[in-house]
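S.K.: This is the structure I have questions about; it appears just below.
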Amino acid sequence: MKVKTEKKAFPLFGNGKGVAKLTVVGAGPGDVELITLKAIKALQVADVVLYDALVDTELLCYAPQAEHIFVGKRRGCYSYQQEQINELIVQRAKEKGHVVRLKGGDPFVFGRGAEEMEYAATQGVQVAMVPGISSCLSVPAAQQIPVTKRGATESFWVITGTTKEHKLSDDVQLAAKSNATVVILMGMSKLPEIVQLFQKEGKSNSPIAVIQNGTRADEKVGVGTMASIEREVEQKQLTNPAIIIIGEVVRHREKLMLIQKEYEAVEGFCDGLAGEGQNANEVSVAS
């Protein structure tokens, strides 16, 4: 049975020039190949692209005719304050038309995407959102850490390490009391506090991973336990931007990494045979 699918146009695409509109777009976790097709389509019809520090500038090639404005924010370093970004979105939308606000990961996961959309809407700008692949799931997955695994964990937390008041979220303490996987974003400056909380719950041996620049070419990883992770982070000089993953699922990484390496070795061997004109599907195995 064939299923007929209808291609739905994006709500704000094709509205024509002169209409002030904002599309908040998730660029994914870092690897440029992990952006969605919908996101690329939004970029292709952008008049202005406002992009963050965690966005790979290679993605701007999808909007060659658009004005590109860097509005990135990093801890202690701001090219624009959030209020200025809000105003810039509205100003450019009313002057030029379609503004794409390109954000790392998913704009609705600690990305302030909702705030920007709400403000733009109050100023008469049409708004829409294109979801992105969130780093809280994809970065652990790329390092062979499943945030859920049957028999290991039944749920997971995603928590910001630093609240609006620049304190460690109270939810980290609640998460430490559970058996769930805990994924902490923007938490590197609070790592000693996080470790202390888990150790107070008797979890000094709880496995933990820290992944810096996840899915990128310069990715760095540190794996250990609550008792050893601070030393591991110092030795490997891990810093922001990084994601912290805590829980039994981290123990499965080694096995899954081995499986992947074995697959890559076979795939490379088969590619070599194919390059020599042999059929990669016909490989003799010595008994």
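All residue numbers for the sequence shown refer to my numbering, where the first residue is 1199 and numbers rise by one.
From the three backbone atoms N, C-alpha and C, an ideal C-beta is built for every residue, glycine too.
Could you tell me which residues DSSP pairs with G1303 in its beta bridges?
M.R.: Looking at the DSSP assignment, G1303 forms a beta bridge with G1226.
S.K.: Provide the residue span of the alpha helix (DSSP H) that contains A1490, from first to last.
M.R.: With the chain covering 1199 to 1485 only, the question about residue 1490 has no answer from this structure.
S.K.: Would you report the Cα separation of L1257 and E1462, rounded to the nearest angstrom?
M.R.: 28 Å
S.K.: What is the residue span of the alpha helix (DSSP H) that T1320 lies within?
M.R.: Residues 1311-1320.
S.K.: Starting from Q1410, trace the beta strand (DSSP E) in both directions and tell me its first and last residue.
M.R.: 1405-1410
S.K.: Looking at C-beta atoms only, is the number of pairs between the segment 1329-1348 and the segment 1290-1310 that lie closer than 8 Å three or more?
M.R.: Contact between the segment 1329-1348 and the segment 1290-1310 is present, because at least three Cβ pairs lie under 8 Å.
S.K.: Going straight from the alpha carbon of S1353 to that of Q1342, what length do you get?
M.R.: 17 Å
S.K.: Helix, strand or coil for F1308, going by three-state DSSP, please let me know.
M.R.: coil
S.K.: DSSP three-state call for H1296: helix, strand or coil?
M.R.: strand
S.K.: Beta-carbon within less than 7 Å of V1288's beta-carbon, same chain only, minus the 5 sequence neighbours each way: which residues are those?
M.R.: A1318, Q1321, V1323
S.K.: Rounding to the nearest angstrom, what Cα-Cα distance links M1327 and G1400 in this structure?
M.R.: Each residue's CA atom was taken as its position, placing M1327 and G1400 some 42 Å apart.
S.K.: Among residues of its own chain, excluding the 5 on either side of L1395, which ones have a beta-carbon nearer than 7 Å to its beta-carbon?
M.R.: V1370, Q1371, A1374
S.K.: Can the beta-carbon of I1392 be found closer than 8 Å to that of G1224?
M.R.: no
S.K.: Exposed or buried, what is H1364 when buried is set at 16 or more other beta-carbons lying within 10 Å of its beta-carbon?
M.R.: exposed
S.K.: With a threshold of 6 Å on Cβ separation, who are the neighbours of T1360 within its own chain once the five nearest residues in sequence on each side are excluded?
M.R.: M1384
S.K.: If distances are taken between C-alpha atoms only, which option among E1432, E1446, V1247 comes closest to N1380?
M.R.: Reading off the sequence shown, one finds Val at residue 1380, where the question assumed Asn. Of the candidates E1432, E1446, V1247, the one whose C-alpha sits nearest the C-alpha of V1380 is E1446.
S.K.: Three-state secondary structure (DSSP) at E1452?
M.R.: helix
S.K.: Per DSSP, what kind of secondary structure is Q1476 in: helix, strand or coil?
M.R.: For Q1476, the predicted model reports a pLDDT of 44, less than 50, meaning its position is unreliable; a value from the coordinates is still stated below. Three-state DSSP puts Q1476 in coil, outside helix and strand.
S.K.: Please classify G1216: is it buried, with 16 or more other beta-carbons within 10 angstroms of its beta-carbon, or exposed?
M.R.: exposed
S.K.: I'd like the list of long-range same chain contacts for I1238, defined as Cβ closer than 7 Å, with 5 residues on each side in sequence excluded.
M.R.: Y1260
S.K.: Considering only residues of the same chain and omitting the five flanking positions on each side of V1448, which have a CB-CB separation below 7 Å?
M.R.: I1343, P1405, I1406, A1407, V1421
S.K.: Going along the chain, which residues of its own chain have a beta-carbon closer than 7 Å to the beta-carbon of L1436, five neighbours each way excluded?
M.R.: V1408, Q1410, K1418, G1420
S.K.: Just the C-alpha distance for I1283 and D1254, rounded to the nearest angstrom, thanks.
M.R.: D1254 has its alpha-carbon roughly 19 Å from the corresponding atom of I1283.
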